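If you want this note's numbering, it's the position in the sequence shown, counting the first as 1, plus 21. Below is one structure, written out as structure tokens, with a few remarks after it.
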Amino acid sequence: MKRIYNLSQAAEFLKENDNFIILTHVYPDGDTLGSAYALCGMLQQMGKNAAVKINGELGSEFLYLRNGIEKQSFEFDKIISVDVADSNLLGELKIYADRVDLAIDHHIYHREFADIYYVDGDAAANCEIIYKLGEELGISFTKNICNAVYTGICTDTGCFKYINVTPETHIIAADLMKKGCDAAFVNREMFEKAPRSKKELEAFVICNMEYYKNGEIAFAYVTTDILEKFGVNINQLGSISAVTRTIEGVKAGVTLKQTSEKEFKISVRTNDGINAAEICSKFGGGGHKAAAGCTLLGSKEDVRDRLIDVISGYLD
Numbered sequence: 022m023k024r025i026y027n028l029s030q031a032a033e034f035l036k037e038n039d040n041f042i043i044l045t046h047v048y049p050d051g052d053t054l055g056s057a058y059a060l061c062g063m064l065q066q067m068g069k070n071a072a073v074k075i076n077g078e079l080g081s082e083f084l085y086l087r088n089g090i091e092k093q094s095f096e097f098d099k100i101i102s103v104d105v106a107d108s109n110l111l112g113e114l115k116i117y118a119d120r121v122d123l124a125i126d127h128h129i130y131h132r133e134f135a136d137i138y139y140v141d142g143d144a145a146a147n148c149e150i151i152y153k154l155g156e157e158l159g160i161s162f163t164k165n166i167c168n169a170v171y172t173g174i175c176t177d178t179g180c181f182k183y184i185n186v187t188p189e190t191h192i193i194a195a196d197l198m199k200k201g202c203d204a205a206f207v208n209r210e211m212f213e214k215a216p217r218s219k220k221e222l223e224a225f226v227i228c229n230m231e232y233y234k235n236g237e238i239a240f241a242y243v244t245t246d247i248l249e250k251f252g253v254n255i256n257q258l259g260s261i262s263a264v265t266r267t268i269e270g271v272k273a274g275v276t277l278k279q280t281s282e283k284e285f286k287i288s289v290r291t292n293d294g295i296n297a298a299e300i301c302s303k304f305g306g307g308g309h310k311a312a313a314g315c316t317l318l319g320s321k322e323d324v325r326d327r328l329i330d331v332i333s334g335y336l337d
């Protein structure tokens with residue numbers, strides 16, 4: 022495995038090869054999907070064969086990312102992963118884990134699994150890297166590519182509210198708008214429009230949140246029973262994890278999303294400099310300083326108590 026330190030090397034890899042499939046992480050969000058479809062559009066513009074593989078079905082709110090993508094029939098030669106910090110996060114696509122040629126990621130806690138990989142931990146979103154790669158390749162930033170790149174940036178920054186936002190983030194977003202990005206459309210799709218069932222689920226989850234350590238830790242639960250009750254797919258939950266840390270006084274907000282009887286996908290969101298990635302790394306996960314995740318096995322109560330024990334050590 023070889024780490025590359027400039028995007029020109031990644032660009033050369035793309036120029037010299039053909040027939041690419043692009044992998045996203047499990048429970049795909051706007052950044053992994055935006056990265057994948059933007060890169061796919063760039064490669065097809067270069068005359069390459071390229072296709073995106075996702076875990077499960079593409080959510081209805083993300084369907085516009087397919088605009089401009091040509092359906093191609095080909096035998097793939099090269100595999101690229103985008104916004105995937107660990108091969109375990111490939112989900113059903115893990116069958117390709119040992120064959121990934123190039124990984125493009127922005128997670129500081131990236132665990133190497135590809136032949137070559139480019140990681141920029143300072144990038145607010147993986148789509149910032151894709152934007153720079155497009156500049157390096159000299160592609161034409163069409164409206165569809167701009168919308169895809171902007172999707173990743175706005176979602177991974179909470180519409181430019183999170184601490185990962187840098188001056189460069191705003192510069193890139195502004196340039197995307199100059200190039201034709203419909204930012205208003207993307208922001209509405211990502212942050213405002215939602216099925217009634219999802220809004221009702223969010224209201225239920227918020228009303229049933231639990232608080233510990235004098236209100237400094239908040240827990241939200243999305244069990245399989247709740248998903249079934251409101252008719253919502255776990256892949257449709259989107260930004261519900263961010264709600265926990267918006268409560269005044271909360272330093273660490275945790276969302277438990279049940280994926281099977283004894284398995285929970287954990288999302289940790291933090292304030293006041295508490296390192297969410299360090300917390301999740303204790304359980305084999307990772308992410309960013311203020312937003313990270315992991316997977317834990319056990320009952321809801323057992324998982325909650327284990328998380329409280331670890332998080333409590335960061336509150337002082």
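Even for Gly, the Cβ is constructed at its ideal location relative to N, Cα and C. Remember, predicted model here, so these are calculated numbers, not experimental data.
Kindly identify the DSSP beta-bridge partner or partners of residue i.
i: Ala312; result: Arg290
i: Thr276; result: Ala241, Ser288
i: Lys92; result: According to DSSP, Lys92 bridges with nothing at all.
i: Val140; result: Asp126
i: Phe34; result: For Phe34, which the question treats as bridged, DSSP gives no partner whatsoever.
i: Gly307; result: Gly314
i: Ile43; result: Val73, Ile101
i: Lys23; result: Ile137
i: Ser281; result: Glu284
Have a look at residue i and residue j and give me their C-alpha separation to the nearest angstrom.
i: Leu60; j: Glu223; result: 32 Å
i: Ile261; j: Ser56; result: 21 Å
i: Gly155; j: Asp337; result: 44 Å
i: Leu86; j: Asp326; result: 39 Å
i: Leu111; j: Tyr233; result: 33 Å
i: Gly173; j: Phe225; result: 28 Å
i: Gly294; j: Arg24; result: 29 Å
i: Lys310; j: Glu299; result: 8 Å
i: Tyr48; j: Glu113; result: 11 Å
i: Val15; j: Lys219; result: In the structure as shown, the chain starts at 22 and stops at 337, and residue 15 therefore has no counterpart that could be examined.
i: Cys148; j: Asp52; result: 6 Å
i: Gly68; j: Cys180; result: 33 Å
i: Ile268; j: Asn208; result: 23 Å
i: Ala118; j: Ser108; result: 6 Å
i: Ala215; j: Leu258; result: 10 Å
i: Ile184; j: Ala144; result: 12 Å
i: Glu282; j: Thr176; result: 30 Å
i: Ala31; j: Lys303; result: 32 Å
i: Glu322; j: Lys286; result: 14 Å
i: Ile42; j: Glu231; result: 42 Å
i: Thr276; j: Val289; result: 7 Å
i: Leu248; j: Glu33; result: 45 Å
i: Leu158; j: Gly77; result: 30 Å
i: Tyr152; j: Arg266; result: 30 Å
Less than 8 Å between the CB atoms is what I'm expecting for residue i and residue j, so what's the real figure, rounded?
i: His128; j: Ala146; result: At roughly 11 Å, the Cβ-Cβ gap does not stay under 8 Å, so His128 and Ala146 are not in contact.
i: Thr245; j: Gln279; result: 5 Å
i: Phe251; j: Glu221; result: 6 Å
i: Val264; j: Ile238; result: Not a contact, Cβ separation roughly 14 Å.
i: Asp203; j: Asn256; result: Actually they do not touch by this definition, with Cβ atoms about 24 Å apart.
i: Asp39; j: Asp122; result: That pair is no contact at about 12 Å.
Quick check on residue i: buried or exposed, where buried means 16 or more other Cβ atoms within 10 Å of its Cβ?
i: Arg120; result: exposed
i: Met63; result: buried
i: Gly308; result: buried
i: Met22; result: exposed
i: Ser81; result: exposed
i: Arg217; result: exposed
i: Phe162; result: buried
i: Ser320; result: exposed
i: Glu37; result: exposed
i: Gly274; result: buried
i: Tyr26; result: exposed
i: Asp104; result: buried
i: Glu210; result: buried
i: Phe206; result: exposed
i: Ile125; result: buried
i: Asn165; result: buried
i: Asp50; result: buried
i: Leu318; result: exposed
*Whole beta strand (DSSP E) elements within the region 179-236, 3-residue minimum*: 231-233
*Write down every uninterrupted run of the beta strand (DSSP E) in the region 52-103 whose length is 3 residues or greater and which is fully enclosed by it, in chain order.*
71-74, 99-103
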